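Visitor:
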Amino acid sequence: MSTDPQPEPGGPAEVPSCYRHPGRETYVRCTRCDRYICPACMREAAVGHQCVECVQAANKTVRQPRTTFGGQITATPVVTYTLIGLNLLGYLAEVVDGNVVTRFGMLGEAYNRFGQLLPGWGVADGEWYRLITGAFLHSPPNGGGLGITHILFNMWALWVIGPQLEHLLGRTRFAVLYLLAALGGNVLCYLLAPDVLGVGASGAIYGLFGAYFVVLKRLRADPKGIVILLAINLVITFSVPGISWQAHIGGLVTGAAVALAYAYAPAKYRQAVQVGASVAVLVLLVALVVVKTVQLTA
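Sequential numbering from 23 applies to the sequence shown in this note's numbering.
What follows is the structure, encoded as structure tokens:
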């Protein structure tokens with residue numbers, strides 16, 4: 023039988039060191055795990071100091087703040103800035119290459135000046151990407167029509183309303199709503215005017231108008247401002263030639279419908295209802311495109 027040798031009385035005591043840096047002498051312990059920690063590993067706590075691992079573990083248990091509609095609270099409207107940047111890049115591409123609009127604008131099917139169908143062009147011929155890319159293009163600066171005022175107004179509206187909706191809904195919900203509204207506007211164009219080449223983020227912008235109205239009503243805030251803005255734009259839509267009312271109405275209805283699901287989903291099943299409604303709207307829009315494509319190609 024053997025025993026560990028006992029330290030001699032008055033002998034040198036063992037100097038404690040940091041559990042992460044064994045070579046660093048310290049006499050401070052973590053208030054949670056009681057391990058020795060050096061100044062580099064100390065994190066201030068309500069009482070004393072804690073080690074890095076304990077702080078990380080505690081942060082995982084802290085519930086992140088959420089908006090009224092279930093999204094994460096964000097200080098910077100990253101999605102809004104990204105969307106504006108994508109639209110500006112699309113416009114720059116149009117300035118550099120004049121064929122960008124005809125190649126990526128919203129078009130269901132194409133005809134020549136004699137009324138003959140041009141194969142290989144449009145959504146009906148498999149170019150489904152036009153349903154989205156068309157929403158990131160605008161009237162060329164030298165192409166007649168609205169010109170540069172087209173993108174200026176749309177980006178101004180996105181700059182004004184986008185950050186507010188993104189703050190209320192959260193980044194993910196706001197991005198989904200914007201893209202679904204853009205798709206909804208182009209789908210209605212495809213259904214009612216498939217032979218017209220259209221561009222613009224107006225469908226998505228009108229979707230934000232409708233969504234903002236729904237959100238304000240849900241929060242019991244005064245929607246008078248957005249109602250006046252929407253009314254003015256609808257008058258312009260139906261009075262100025264060359265504007266696709268189909269894109270505006272399609273985006274408005276789609277944005278309002280998605281916002282209804284986001285704003286009025288019961289708290290207990292909020293995420294399931296919101297995700298389900300978004301998927302349902304997407305499936306409906308895709309189904310409408312498929313049906314219209316079958317009709318055009320039959």
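Here a beta-carbon is modelled for each residue, glycine too, at the ideal position from N, C-alpha and C. No experiment lies behind these values; they were computed from the predicted model shown.
Apply the 10 Å Cβ neighbour rule to ASN121 and answer buried if 16 or more other Cβ atoms are within range, or exposed otherwise.
Guide: Exposed: under 16 other Cβ atoms inside 10 Å.
Visitor: For ARG54, tell me which candidate among ARG46, ILE106, VAL101, GLN72 has the shortest Cα-Cα distance.
Guide: Nearest option by C-alpha distance: GLN72.
Visitor: Excluding the 5 residues preceding and the 5 following ARG152 in the sequence, name in chain order all residues of the same chain whose CB lies nearer than 8 Å to its CB.
Guide: Excluding positions up to five away in sequence, the list reads PHE126, GLY127, MET128, LEU129, GLY144, VAL145, ASN208.
Visitor: Could you pull out every residue in the same chain whose Cβ sits closer than 8 Å to the Cβ of TYR133, ignoring the five residues on either side in sequence?
Guide: LEU139, LEU140, ASP217, listed in sequence order.
Visitor: Take SER24 and list the residues in its own chain whose beta-carbon comes closer than 7 Å to its own, dropping the five residues that flank it on each side.
Guide: Residue placement at SER24 is poorly supported in this model, since its pLDDT is 46, which falls under 50; the coordinates still yield a value, given next. Contacts found: none.
Visitor: What is the rounded straight-line gap between the Cα of GLU116 and the Cα of LEU168?
Guide: Roughly 15 Å separates the two Cα atoms.
Visitor: With burial defined as no fewer than 16 other Cβ atoms inside 10 Å of the residue's Cβ, what is the status of ILE106: buried or exposed?
Guide: Per the 10 Å Cβ criterion, buried.
Visitor: How big is the Cα-Cα spacing for LEU310 and GLY272?
Guide: Rounded to whole angstroms, LEU310 to GLY272 spans 12 Å at the Cα level.
Visitor: Can you name the start and end residues of the alpha helix (DSSP H) that CYS321 belongs to?
Guide: A question about residue 321 goes unanswered here, because the residues of the chain that appear run from 23 up to 320.
Visitor: With a Cβ-Cβ cutoff of 9 Å, do GLN293 and ARG193 count as a contact?
Guide: It is not a contact, given that the beta carbons lie outside the stated cut-off.
Visitor: Are the Cβ atoms of GLY225 and HIS160 separated by less than 9 Å?
Guide: The answer is no: Cβ separation not under 9 Å.
Visitor: Distance check for ALA68 and ARG46, CA to CA, integer angstroms please.
Guide: Cα to Cα, ARG46 sits roughly 25 Å from ALA68.
Visitor: Is ARG46 helix, strand or coil by DSSP?
Guide: It is coil, neither helix nor strand.
Visitor: DSSP on GLY207, reduced to helix/strand/coil?
Guide: If DSSP states are grouped into helix, strand and coil, GLY207 belongs with the helices.
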